[in-house]
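*Asks:*
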Amino acid sequence: MGLKLRFVHLDVFTTTRFLGNQLAIVHLPENVELSQSQKFQIANEFNLSETVFLHESPGSDSPTTIDIFTTSQELPFAGHPTVGTGWYLLSQNPGESTITLKTKAGTIPVVRNGERVTVEVPINFKIHEPFAQPDLKALQPRLKEGDYVNGRDGAEALVSIVKGMTFVLLQLVDEAALAALQPYPTPFYADKLGDWSGSAAVYAFVEREDGVVRTRMFDGPHEDSATGSAASTLAGWLAKKKGQGKWKIEIVQGVEIGRKSDILVEVEVGSDGEIVRIDLGGAAVEVIEGWLRVD
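Residue numbers for the sequence shown follow my numbering, so the first one is 4 and each next one is one higher.
1. Quick check: the Cα distance between residue 123 and residue 80, rounded to an integer number of angstroms?
2. List the residues that DSSP assigns as beta-bridge partners of residue 94.
3. Pick from 295, 231, 162: whose alpha carbon is nearest that of residue 267?
4. Distance check for residue 28 and residue 45, CA to CA, integer angstroms please.
5. Could you tell me the alpha carbon to alpha carbon distance between residue 263 and residue 226, rounded to whole angstroms?
6. Closest by CA to residue 218, which one among 228, 211, 207?
7. Does the beta-carbon of residue 67, which I'm using as the reference point, lie nearer than 8 Å to any heavy atom of the ligand GTP?
8. Check residue 214 in the structure and name its three-state DSSP category.
9. Any contact between the region 128-148 and the region 80-93? By contact I mean 3 or more CB pairs, one from each, below 8 Å.
10. Only counting runs of 4 or more residues, tell me where the alpha helix (DSSP H) segments fall wholly within the region 82-164, in order along the chain.
11. I believe residue 112 touches residue 101 by the beta-carbon criterion, under 8 Å. Please report the beta-carbon distance rounded to the nearest angstrom.
12. What number of angstroms, rounded off, separates the C-alpha of residue 290 from the C-alpha of residue 21?
13. Using the Cβ count rule (16 or more neighbours within 10 Å means buried), how would you classify residue 296?
14. Could you check which residue in 16, 7, 65 has the C-alpha nearest to that of residue 257?
15. Quick one: complete beta strand (DSSP E) runs, 3+ long, within the region 20-44?
16. Closest to residue 183 by C-alpha separation, out of 285, 147, 286, would be which residue?
17. Going by the beta-carbon positions, is the gap between residue 271 and residue 284 smaller than 9 Å?
18. Where residue 30 and residue 153 are concerned, what is the direct C-alpha to C-alpha distance, given to the nearest angstrom?
19. For residue 251, name the three-state secondary structure that DSSP assigns.
20. In terms of alpha-carbon separation, which member of 47, 229, 191, 40 lies closest to residue 255?
21. Can you give me the start and stop residues for the beta strand (DSSP E) that residue 240 sits inside?
22. Can you tell me which residues form a DSSP beta bridge with residue 297?
23. Would residue 192 be called buried (16 or more neighbouring beta carbons within 10 Å of its own) or exposed?
24. Can you tell me the Cβ-Cβ gap for residue 33 and residue 66, rounded? I've got them flagged as a contact below 8 Å.
25. Just to confirm the assignment, what range does the alpha helix (DSSP H) spanning residue 178 have?
26. So the beta strand (DSSP E) residue 174 belongs to, where does it begin and stop?
27. Leaving out the 5 sequence neighbours to the left and right, which residues in its chain are closer than 7 Å to residue 158 when beta-carbon positions are compared?
28. Would you kindly report the start and end of the unbroken beta strand (DSSP E) that includes residue 280?
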């Protein structure tokens with residue numbers, strides 16, 4: 004018969020089912036261990052952007068250990084799995100206002116804030132030399148010169164929130180231009196960055212007059228409905244331009260693929276102009292609950 008494990012399926016960064024970014028959370032009882040191979044098999048079975056393995060513990064005072072898997076790699080941290088798992092655990096414990104998750108990137112407090120939860124994002128913020136690969140815009144035939152804030156030939160900001168998590172921040176003039184974007188055939192690679200070199204996803208954005216920032220995220224041919232790390236990167240970059248203070252930035256992503264996601268990022272910038280702290284916030288809603296069998 005093998006193992007029988009409970010799982011839940013959430014939509015994260017939304018309060019409406021079938022919107023937001025999907026997340027599977029698999030419960031692992033205290034006496035159950037899965038191999039890396041089994042975890043990858045399960046993640047591929049769900050075939051979502053991330054799957055979380057939640058290690059149950061009888062001690063309520065100790066951090067809750069989670070493992071975050073994509074279909075191809077284990078991640079030390081990711082925004083939407085952490086927000087989703089934190090929301091789920093606090094929803095199961097309505098008397099609690101805070102819970103601590105233990106990830107491969109360290110312990111992360113999750114705080115209830117009305118419908119949302121917020122998590123402090125691990126940061127090692129770095130702004131690189133602007134990204135000037137011609138294909139960034141040459142591969143967008145539906146966009147014209149005037150659709151880009153920096154023009155068709157202008158370079159765009161290249162920013163890492165931590166080493167190994169880098170984004171090209173492609174600034175557009177309006178939501179019509181944002182809607183006209185098409186996925187890229189392959190991911191971009193940011194070289195000449197020394198230890199920071201690696202793949203770079205494209206996070207396109209428009210700053211609306213009402214203060215909301217509309218975004219889309221492309222990692223090659225894949226478009227993500229909500230990307231906590233990219234949203235945190237963009238918010239940090241925008242906040243640094245504003246200068247010292249505490250800034251709230253509302254980001255809406257996923258509209259063009261029918262998975263509208265509402266992301267709130269709060270950034271504190273110090274007197275030296277450097278980022279002190281980034282908090283990522285969002286809600287979630289449970290969609291599916293069931294059992295998973297593992298041989």
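Where a beta carbon is used, it is the ideal one built from N, C-alpha and C, also for glycine.
The structure presented is a predicted model; accordingly, all values stated were derived computationally and were not measured.
*Replies:* Taking the definition as stated:
1. Per the coordinates, the alpha-carbon of residue 123 lies some 11 Å from the alpha-carbon of residue 80.
2. Paired residues: none, contrary to the question.
3. With distances taken between Cα atoms, residue 267 lies closest to 231.
4. Approximately 11 Å between the Cα atoms of the pair.
5. Going by the C-alpha atoms only, they are around 13 Å apart.
6. It is 207.
7. Ligands in the displayed structure: none, and consequently the ligand GTP is not present.
8. Coil.
9. Taking 8 Å as the limit for Cβ pairs, the verdict is that the region 80-93 does not touch the region 128-148.
10. With a minimum length of 4 residues, the continuous alpha helix (DSSP H) runs that stay inside the region 82-164 are 82-95, 138-141.
11. About 6 Å separates the two Cβ atoms, so the contact holds.
12. The C-alpha of residue 21 is placed about 8 Å away from the C-alpha of residue 290.
13. Residue burial is scored here from C-beta neighbours: residue 296 has fewer than 16 other C-beta atoms within 10 angstroms and is therefore classed as exposed.
14. It is 16.
15. Contiguous beta strand (DSSP E) elements confined to the region 20-44 occur at 24-31, taking only those with 3 or more residues.
16. Here the closest residue by C-alpha is 147.
17. With contacts defined by Cβ atoms closer than 9 Å, residue 271 and residue 284 do not form a contacting pair.
18. Here the alpha carbon of residue 30 sits roughly 47 Å from the alpha carbon of residue 153.
19. Shown here, residue 251 sits in a strand according to DSSP, grouped into three states.
20. Of the listed residues, the one whose Cα sits closest to residue 255 is 229.
21. Note, residue 240: premise wrong, no beta strand (DSSP E); alpha helix (DSSP H) at 231-245.
22. By DSSP's assignment, residue 297 forms a beta bridge with 6.
23. Taking all protein chains in view, the Cβ of residue 192 is surrounded by fewer than 16 other Cβ atoms within 10 Å, so the residue is classified as exposed.
24. Wrong, their Cβ atoms sit about 14 Å apart, outside the cutoff.
25. Segment 178-183, the alpha helix (DSSP H) holding residue 178.
26. Per DSSP, residue 174 belongs to the beta strand (DSSP E) from 168-174.
27. Within the same chain, residue 158 has close Cβ partners 133, 134, 135.
28. Its beta strand (DSSP E) spans residues 278-285.
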